[in-house]
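Please read the structure below before turning to the comments.
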Amino acid sequence: MNVLLILPILIPLLGAAASMLAWRSRRVQRTVAVVSSAALLVASIVLLTSVRRNGVSVTELGSWPAPFGIVFVADLLSSLMVLVSAIIWMATVVYSLASMDRRHEQFGFYPLTALLMMGVCGAFLTGDIFNLYVWFEVMLISSFVLMVLGGERPQMESGIKYVTLNLASSAFFLMGVGLVYAVTGALNMAEIAESLGSATQPGLVAAISLIFFVAFGIKAAVFPLFFWLPASYHTPPAAVSAIFAGLLTKVGVYALIRVFTLLFVDNIDFTHGLILIVAGVTMVTGVLGAMAQNEFRRILSFHIISQIGYMIMGLGIFTRLALAGSIFYVLHHIIVKTNLFFVSGVVHRIRGTYELSRLGGIQRLSPFLAILFLIPAMSLAGIPPLSGFFAKLGLIRAGLAAEAYVAVTAAVATGFFTLFSMTKIWNEVFWKPAPQEVEPPLPGAAWRMMIPIAILALLTVTIGLGAGWLFEISLEASEQILDRTIYLRAVLP
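So that you can map any letter, position 323 of the sequence shown is 323 in our numbering, and since no number is skipped, the others follow by simple counting.
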């Protein structure tokens, strides 16, 4: 057994258990959260290094070989996703030390976050389609409790919308799993891929692919299945909103990339053509929704939707460069979007509101925070030399090479509209005069909250300046997932 594939699941599980045992001690729970997140970060770095050096890594639980036993599989794509998730978890834990009040911590913020991370890492590493469903349910349960943590009325309303739509997604997912098992007699994704390649009912396979697209499309918040996201992500505490915005929809994107590069690749004109159309409409719809909002986190929530369009655009084009662009974009966006939600939490700590009309003067009160906002905001809009520019450049180049001119036009237009939205936030929150005459002193907690923001902003700049290195890894990852035989030979030797 390769323990490196088990650690990203075992570490959060042990962290959650230790936090539960220390339920009455706030200090111990905080210490456990910091140690667990740091341990996951180290384990994920080692895992990525091992996979890049040795190729796809597989381990069988209980020593039952595939396809009879449950397997965990780590390729470059899943290893990269585990690494960036570990970065976000650690940043969120450090941020919450200064932002999370005692009441929310007593309701189980730290063990719930650890269980959420266990579900996220399990979804990235599983090689079994039914266990992918299980890990999605682990995420759903923990994320729902985090969504309503504190029991405030807006949280309960958004939590009902959130869990209802995600339960519908789970129903579609389970339906798809049942149909796949009926057609192939398998749950191991490698064996399913082999069996679907020789299926005698292509129409049924196409229908099953649509069911999976709906299931994962709801979780990824693609058009027209996104309306649950902007109705819910603006209600929980800032730390919860940030980790949701950074990770949860990206697990849906990962699942789309995995199944539509490994399982459903025999009718590309239909499946991937549909994905490309949905990508373009998702970009435009999300950014137009963001432009119409006047609340900090609601603007950012709609921008999650528009950016999901970029991520699945590369999947729709389905070339080496396009998939590398999608992978690069996912990694960039996880860091940038989490950071923007972090910034919104600091603004709320200073002013006590997220409404743009009641904000202003932050640039004069804290020039450092203004700079920390500009870095991820301009990266989200695709301004060079930040990471978002190179992510969009790779996708646009791939789109032009594939003659997907409509999608490229949508991507370019969305970039301009995103810049407009970020400029709107800058003007309303940072640049215009403060709503009151006397500026209050910056709270000490706000300064401590800026530490992870500064680290993620530095990471965004570093990715932009060293984009060639990360894009090279993204290209290697895209080659691995395009050549299905690499995955199949690793799992079914």
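All C-beta atoms, glycine included, are put in the ideal place defined by N, C-alpha and C.
Distance between Ser25 and Cys121 (C-alpha atoms, nearest Å): Going from the Cα of Cys121 to the Cα of Ser25 covers about 27 Å.
Mind reading off the beta-carbon distance from Leu492 to Glu191? Whole number of angstroms is fine, and I expect it under 8 Å. That belief holds up - the Cβ atoms of Leu492 and Glu191 are roughly 7 Å apart, short of 8 Å.
Which residues mark the beginning and the end of the alpha helix (DSSP H) in which Phe501 is found? The structure shown has nothing for residue 501, since the chain only spans 1 to 493.
Outcome for Tyr405 when other beta-carbon atoms lying within 10 angstroms are tallied against a minimum of 16: Burial call: exposed.
Which stretch, first to last residue, makes up the alpha helix (DSSP H) that contains Ala404? Under the DSSP assignment, Ala404 falls outside any alpha helix (DSSP H); it carries neither an H nor an E label.
In angstroms with no decimal places, state the Cα-to-Cα distance between Val71 and Ala221. Straight-line Cα distance between these residues: approximately 28 Å.
Taking the DSSP output, what are the residues bridged to Thr126? Partner(s): Phe72.
Check whether Gly246 and Lys337 have beta carbons under 8 Å apart: It is a contact, given that the beta carbons lie within the stated cut-off.
Report, in whole angstroms, the separation of the C-beta atoms of Leu167 and Val145, which I expect to be a contact under 8 Å. The pair is not a contact, with the Cβ atoms about 14 Å apart (cut-off 8 Å).
Where does Val51 fall in DSSP's three states? Looking at Val51 - three-state DSSP - the assignment turns out to be helix.
Are Tyr133 and Leu174 close, meaning C-beta to C-beta below 8 Å? Yes, the Cβ-Cβ distance between Tyr133 and Leu174 is below 8 Å.
Member of Ala292, Thr271, Phe302, Leu274 whose CA lies at the smallest distance from the CA of Gly286: In terms of Cα proximity to Gly286, the closest of Ala292, Thr271, Phe302, Leu274 is Phe302.
Can you find the residues in the same chain that come closer than 6 Å, C-beta to C-beta, to Ser19, ignoring five residues on each side of it along the sequence? Gln29, Val32, Tyr110, Pro111.
N-terminal and C-terminal residue of the beta strand (DSSP E) that Val58 is part of: Unbroken beta strand (DSSP E) run through Val58: 57-60.
State the Cα-Cα distance for the pair Ala477 and Gly314, rounded to the nearest angstrom. So the two alpha carbons sit approximately 13 Å from each other.
Could you name the residues of the same chain whose beta carbon sits closer than 7 Å to that of Gln293, not counting the 5 residues immediately before and after it, in chain order? For Gln293, same chain residues with a beta-carbon under 7 Å away, outside a window of 5 residues either side, are Ile299, Phe302 in chain order.
Nearest to Gly407 by alpha carbon, out of Leu356, Gly309, Ser85? In the sequence as presented, Gly is not what sits at residue 407; that position holds Ala. Checked all of Leu356, Gly309, Ser85; the closest Cα to Ala407 is Gly309.
Integer Cβ distance of Gly178 from Lys219, believed to fall under 8 Å: Contact doesn't hold; Cβ gap of about 18 Å is too wide.
Run through DSSP, which three-state label would Leu267 get? With the sequence shown as reference, residue 267 is identified as Asn, and Leu is not the correct amino acid for it. In the structure shown, Asn267 sits in coil (DSSP, three-state: anything other than H, G, I, E or B).
Is the beta carbon of Ile304 sitting closer than 8 Å to the one on Leu229? Cβ atoms of Ile304 and Leu229: closer than 8 Å.
Express the C-alpha separation of Ala290 and Thr126 in angstroms, rounding to a whole number. Each residue's Cα considered, the two are about 35 Å apart.
Beta-carbon gap between Phe296 and Ile453 smaller than 8 Å: Cβ atoms of Phe296 and Ile453: not closer than 8 Å.
Residues bridged to Glu295 (per DSSP): When beta bridges are read from the DSSP output, Glu295 appears opposite Glu355.
Might you give, ordered along the chain, the residues of its own chain that have their beta carbon closer than 6 Å to the beta carbon of Leu356, omitting 5 neighbours on each side? Cβ within range, chain order: Asn294, Glu428.
Cβ distance (whole Å) where Trp135 is taken to contact Gly119 below 8 Å: Between the beta-carbon of Trp135 and that of Gly119 there is about 5 Å, and that keeps the pair under the 8 Å contact cut.
Would you mind stating whether Ser418 and Leu393 have Cβ atoms separated by less than 8 Å? Reading the sequence as shown, one finds Thr at residue 418 and not Ser. No, Cβ-Cβ distance for Thr418 and Leu393 is not below 8 Å.
Which residues share a DSSP beta bridge with Asn188? In the DSSP output, where bridge partners are listed per residue, Asn188 has Asp128.
Below 8 Å, can you find three or more Cβ-Cβ pairs linking the segment 229-240 to the segment 271-285? Counting Cβ pairs under 8 Å, fewer than three are found: no touch.
Using CA coordinates, which residue listed in Trp431, Val461, Val259, Glu105 is at the minimum distance from Ile359? Note that residue 359 is Leu in the sequence shown, not Ile. Closest option to Leu359, judged by alpha-carbon separation, among Trp431, Val461, Val259, Glu105: Trp431.
If you draw a straight line from the C-alpha of Ser37 to the C-alpha of Ala411, how long is it? Answer to the nearest angstrom: the Cα atoms are 35 Å apart.
In whole angstroms, what separates the C-alpha of Val34 from that of Met90? The straight-line gap from Cα to Cα measures roughly 7 Å.
Three-state secondary structure (DSSP) of Gln201: Looking at Gln201 - three-state DSSP - the assignment turns out to be coil, as it is neither helix nor strand.
Ordered along the chain, which non-local residues of its own chain (more than five positions away) have a Cβ less than 6 Å from that of Leu475? Cβ-Cβ distances below 6 Å link Leu475 to Ala324 in the same chain, with the five nearest sequence neighbours on each side left out; the list follows chain order.
Cβ shell of Val438 (< 6 Å), same chain only, five flanking positions each side left out: Unreliable placement is indicated for Val438, whose pLDDT of 48 sits below 50; the coordinate value is still reported in the next sentence. Taken in chain order, the list of residues that qualify is empty.
Alpha helix (DSSP H) containing Arg489: first to last residue? That run of the alpha helix (DSSP H) goes 484-491.
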